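This report refers to the structure that appears directly beneath it.
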Amino acid sequence: MRFCYAFRRFGCYPQSLNVWDLHPDAFTDNFLGRVARMGFDGIEVGAEMLDRVGGGEREMKAFGRRLADAGAPIVSIRAGGSFIDPRRGKANRERQMRAVRYAGWLGGEVVNSAISSPPRYETHSAMTIGRTRSQDSSRDARISEYEAIAAAWREACDAGADQGVQLSVEVHQNSQVDNSWSALLLKELIGRENFGVNPDLGNIAWTYDVPEESYEDAIAAMAPAANYWHCKNLVRIHHPENQRTVFLRVPLPDGEIDYRFAIEAMHGAGYRGLTVIEGAMGGGDQWHADQRSLDYVKGIWAELEG
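Counted the way numbering that gives the first Met the number 0 counts, the sequence shown spans residues 0 to 305.
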């Protein structure tokens, strides 16, 4: 098994940066060296950061070589956003196509996309989670939405196939693909060999105040369709009197999702993609927390593969 770092904090003295708004210059030797020493095989980066590299293929390859030479190659690219939003859909589809092109230049294996949109109503948060309803959910979707989404994804899959790039849909809150059945439906509609599912159980955990399916059932259903895998864990604090749940992000051994069961399910399905540590958010020492997560999953995979 190979392991990818999807860092969700960027705290490396003297820098403490917004991970969703990075510039290529942020990837210092100090940061890259820490990632390499932790034992990761590569990193996930955002397409929006790669857009800022500038130039063309030559400049992109030079940037990729610098990271690879430091021990932290780019193995996956994060794109995403709703493909059918009437205002932003075209830009999101174009960003995914750029991400596929970048992956081809960089030798990246996967372009991962969550097809969610920012909240359309004031929530005082960048995400709407832990409530009784979820924006753009599969509960409210129509089959025509999945058909339109599938058409956009087939175009990206066909472009990626020529470059050996996989495309993955991330199971994600506030999107039409927010549970196992909707992810499998989209995979069936797309019908491309280089398309698969990112069965992010953490996103199932916090889509609603009460998860709509068990983590064990979800991973068992999606494991055979998976080609990329975000792993994060949470502690749920449920307030039933308010129909509201809040969440604490914790290292993988410490939350309510049983990642030993999940890894065993993925192993049983023959998964050979990347296991991705979706790292610590908020405050605290990201390096300590994410090292614990990495060591935990490495140990389980070693038991199964040994």
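Beta carbons are placed, not taken as given, at the ideal position from N, Cα and C, and that holds for glycine.
The model shown is predicted, which means the values in this text are computed figures rather than measured ones.
- [ ] May I ask you to list the residues that DSSP assigns as paired with I73?
- [x] Looking at the DSSP assignment, I73 forms a beta bridge with I42.
Task: One or two residues paired with C3 in a DSSP bridge - done: DSSP output for C3 lists G41 and V275 as bridge partner(s).
- [ ] Quick one: grab the DSSP three-state call for A149.
- [x] Here A149 sits in helix by DSSP.
- [ ] Using 10 angstroms around the beta-carbon of Y340, count the other beta-carbons present and answer buried if the total reaches 16, otherwise exposed.
- [x] Shown here, the chain extends from 0 to 305; a query on residue 340 therefore has no answer.
- [ ] Reducing DSSP to helix, strand and coil, say where T244 ends up.
- [x] Strand at T244.
Task: Euclidean distance between Cα positions of T127 and W104 - done: Roughly 35 Å separates the two Cα atoms.
Task: Reference D284; option with closest CA among Y12, W205, A90 and G70 - done: The candidate whose alpha carbon is nearest that of D284 is Y12.
TODO: Quick one: measure Cβ to Cβ for S112 and C3, integer angstroms, because I've assumed they're closer than 8 Å.
DONE: The C-beta distance from S112 to C3 rounds to 16 Å, too long to meet the 8 Å contact threshold.
TODO: Taking F62 as part of the alpha helix (DSSP H), name the residues at either end of that continuous run.
DONE: For F62, the uninterrupted alpha helix (DSSP H) segment begins and ends at E56 to D68.
- [ ] Kindly list the residues whose CB is nearer than 7 Å to the CB of L188, restricted to its own chain and excluding five residues on each side of it in sequence; keep chain order.
- [x] Result list for L188: Y145, E146 and A149, in chain order.
Open item on the list: Quick check: does the Cβ of G267 come within less than 7 Å of any heavy atom belonging to the ligand GTP?
Closed with: By its list of ligands, the structure shown contains no ligand whatsoever, and the ligand GTP lies outside what it can speak to.
TODO: Drop a sphere of 10 angstroms on the beta-carbon of P239, count the other beta-carbons inside from all chains shown, and report buried for 16 or more, exposed for fewer.
DONE: The residue in question, P239, is exposed, as its Cβ has fewer than 16 Cβ neighbours within 10 Å.
- [ ] Determine the direct distance from the alpha carbon of A264 to that of R248, and round the result to whole angstroms.
- [x] R248 and A264: Cα-Cα distance of roughly 23 Å.
Open item on the list: So, at 6 Å on beta carbons, what are the nonlocal neighbours of P252 in its own chain, with the 5 sequence-adjacent residues on each side left out?
Closed with: Around P252, the same chain offers Y295 as residues with beta carbons nearer than 6 Å, after the five sequence neighbours per side are excluded.
Open item on the list: Quick check on the burial criterion: 16 or more other C-beta atoms within 10 angstroms. Buried or exposed for D135?
Closed with: So D135 ends up on the buried side.
- [ ] Specify, as a first and last residue, the run of the alpha helix (DSSP H) that V296 falls within.
- [x] Residues Q285 to E304.
TODO: Using DSSP bridges, identify the partner residues of A225.
DONE: Answer by DSSP bridge pairing, in chain order: V196.
TODO: Evaluate S15 with the Cβ neighbour count: other Cβ atoms within 10 Å of its Cβ, from every protein chain shown; 16 or more gives buried, anything less gives exposed.
DONE: Exposed, because fewer than 16 other Cβ atoms sit within 10 Å of the Cβ of S15.
Open item on the list: Tell me the residue span of the beta strand (DSSP E) that contains F26.
Closed with: From DSSP, F26 is part of no beta strand (DSSP E); its letter is neither H nor E.
- [ ] Answer yes if the stretch 272-282 comes into contact with the stretch 221-240, meaning at least three C-beta pairs across the two stretches below 8 Å, and no otherwise.
- [x] In the pairwise beta carbon analysis, the stretch 221-240 is classified as touching the stretch 272-282: at least three pairs are separated by under 8 Å.
TODO: Mind checking which residues open and close the alpha helix (DSSP H) that includes N91?
DONE: Secondary structure note for N91: its alpha helix (DSSP H) is the uninterrupted segment G88 to L105.
Task: E187 in three-state terms, based on DSSP - done: In the three-state reduction of the DSSP assignment, E187 falls in the helix class, which pools H, G and I.
Task: Proximal residues to D257 (C-beta, below 8 Å), its chain only, five neighbours per side dropped - done: Cβ within range, chain order: Y214 and E215.
Open item on the list: Give me the DSSP bridge partner(s) of I236.
Closed with: In the DSSP assignment, the residues bridged to I236 are V245.
- [ ] Given a cut-off of 8 Å, decide if I218 and P210 are closer than it, judged by their beta-carbon atoms.
- [x] The answer is no: Cβ separation not under 8 Å.
Task: Length of the line joining the Cα atoms of V34 and L183 - done: Approximately 33 Å, taken between the alpha carbons.
- [ ] Could you tell me the boundaries of the beta strand (DSSP E) in which E263 lies?
- [x] In this chain, E263 is not harboured by any beta strand (DSSP E); it is covered by the alpha helix (DSSP H) spanning Y258 to G267.
Open item on the list: Could you check whether the stretch 85-95 touches the stretch 58-67, counting it as contact only if at least three pairs of C-beta atoms, one from each stretch, sit closer than 8 Å?
Closed with: These segments do not touch.
TODO: Check each candidate in L49, K89, R36 and D139 and name the one with the smallest Cα separation from H22.
DONE: That would be L49, whose Cα lies nearest to the Cα of H22.
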